[in-house]
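Residue numbers (the working numbering): 816 to 1065.
In structure tokens:
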């Protein structure tokens, strides 16, 4: 509603110079007066579109503020504009309309503006809490008649956990899942993860801190050597990040 009121105000301010221009055109003989009227009309349209873009910028800023006040993650505004940008690139035929003929600011401008506001507000630009990317899951399963647990990232199995004397498989997998989920929520990137093969097991690290350790019993049920399992886990993490980036969720 405020947009409409302000547009009317802007339009009324433009009316006097427009009328003067139109009157001046009357004194031009022949077809020139018609051309003058068209030119004036186009100029007014461009000016009004400029006001519209400014108002949309204000609306974006207000949306950011209202989301924070309401307790929502303003990163959602960023994911919305990024999704629109992807759809725009996929549109057929592509849009070649000059910027001064558009009613809204360019999407890249709006995306960069939201990123700047997030940075200025001290908020991490982490899309995962909003897009629910890289889901971490634990599933109980059987392996040669034994109850074991498997840890999944983005729908793909990372590794299996065996039962130990002091802790069962499902508890171990849930503990690993909790730690993995925490570092992902904090914004860990694919390059923050690494694996290390030991003589009888594997250690998985994130941001230089160990997340979980796989023992000789775990190696047996994963049916791989420590080196093979370490490589497999690392490749699965890499693929999970790559898939989510292709989907625009990271």
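Don't be surprised by glycine CBs; every beta carbon is placed ideally from N, CA and C. As the structure is a prediction and not an experimental result, all values here were calculated from the model.
Measure from the alpha carbon of residue 928 to the alpha carbon of each residue in 971, 890, 999 and 993, then state which is nearest. 890
If we count the other Cβ atoms within 10 Å of its Cβ and call it buried at 16 or more, is residue 939 buried or exposed? Exposed, since its Cβ has fewer than 16 Cβ neighbours within 10 Å.
Backbone secondary structure at residue 887 - three-state DSSP: coil
Contiguous beta strand (DSSP E) assignments of at least 3 residues, all confined to the stretch 933 to 1014: 951 to 958, 961 to 968, 971 to 976 and 1008 to 1012
Cα-Cα separation between residue 1007 and residue 1020, rounded to whole angstroms: 8 Å
Assigned secondary structure, residue 1051 (DSSP; H/G/I helix, E/B strand, else coil): helix
According to DSSP, which residues form a beta bridge with residue 1025? DSSP lists 1020 as partners of residue 1025.
Here's a check: name, in chain order, each residue in its chain whose Cβ is nearer than 7 Å to the Cβ of residue 899, leaving out the five neighbours to either side. Excluding residues within five positions, the ones whose Cβ falls inside 7 Å are 922.
Is the distance from the Cβ of residue 949 to the Cβ of residue 1059 below 9 Å? yes
Under 9 Å, do residue 968 and residue 1039 count as touching if we go by C-beta distance? no
Inter-residue spacing [alpha-carbon to alpha-carbon] between residue 866 and residue 925: Bear in mind that a pLDDT of 49 at residue 866, under 50, signals an unreliable position, so the number given afterwards is only what the model happens to contain. So the two alpha carbons sit approximately 16 Å from each other.
Could you spell out where the alpha helix (DSSP H) holding residue 1032 opens and where it closes? It spans 1031 to 1037 - the alpha helix (DSSP H) in which residue 1032 sits, taken as one unbroken run.
Rounded separation between residue 1061 and residue 980 - CA only: Rounded to the nearest angstrom, the gap between the Cα atoms of residue 1061 and residue 980 is 42 Å.
Determine the DSSP secondary structure at residue 900, reduced to helix, strand or coil. In this structure, DSSP gives residue 900 a helical state, which the three-state scheme calls helix.
For the putative contact between residue 943 and residue 1065, defined by C-beta atoms under 8 Å, what is the C-beta separation to the nearest angstrom? The pair is a contact, with the Cβ atoms about 7 Å apart (cut-off 8 Å).
Among residues of its own chain, excluding the 5 on either side of residue 1037, which ones have a beta-carbon nearer than 7 Å to its beta-carbon? Cβ contact annotation for residue 1037 (same chain, cutoff 7 Å, sequence separation greater than five): 974, 975 and 1044, in chain order.
What's the gap between the Cα of residue 1013 and the Cα of residue 1041? 7 Å
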